[in-house]
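So the structure is just underneath, and the comments pick up after that.
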Amino acid sequence: MSEQTHNRMHLNNLLQEMYPHREPSPEYRAKGPQRDDNGKIFWEIYVFIETVPYGAGHGRTKDIARERAAGATIGLLLGNGGMN
1 MSEQTHNRMH LNNLLQEMYP HREPSPEYRA KGPQRDDNGK IFWEIYVFIE
51 TVPYGAGHGR TKDIARERAA GATIGLLLGN GGMN
């Protein structure tokens, strides 16, 4: 094992100790109703996904995991069981 690989693994272990795995804990807030430029009424919902489980990937893969978690959260809020 190279020194660079060893250092990377050591740093990863330290980060996991500092920031232990937590289950995703979405927070949301709704704001509205409001009117858009065409006069239509809409609600604005913000969804914050704090974490995605380890192993969910990196870069775009992790973005997809976050988008799916947000979609499930919005689905639960809208009452369709998170099946978005």
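Take UniProt numbering: the final residue in the sequence shown is number 84, and no numbers are missing along the way. Virtual Cβ for every residue (Gly too), placed ideally from N, Cα, C.
| Item | Value |
| --- | --- |
| Close Cβ partners of N7 (< 8 Å) along its chain, the five nearest in sequence each way excluded | none |
| Rounded separation between M18 and I41 - CA only | 45 Å |
| N12: first and last residue of the uninterrupted alpha helix (DSSP H) it sits in | 3-18 |
| Own chain, CB closer than 8 Å to N12, minus 5 neighbours either side, in chain order | none |
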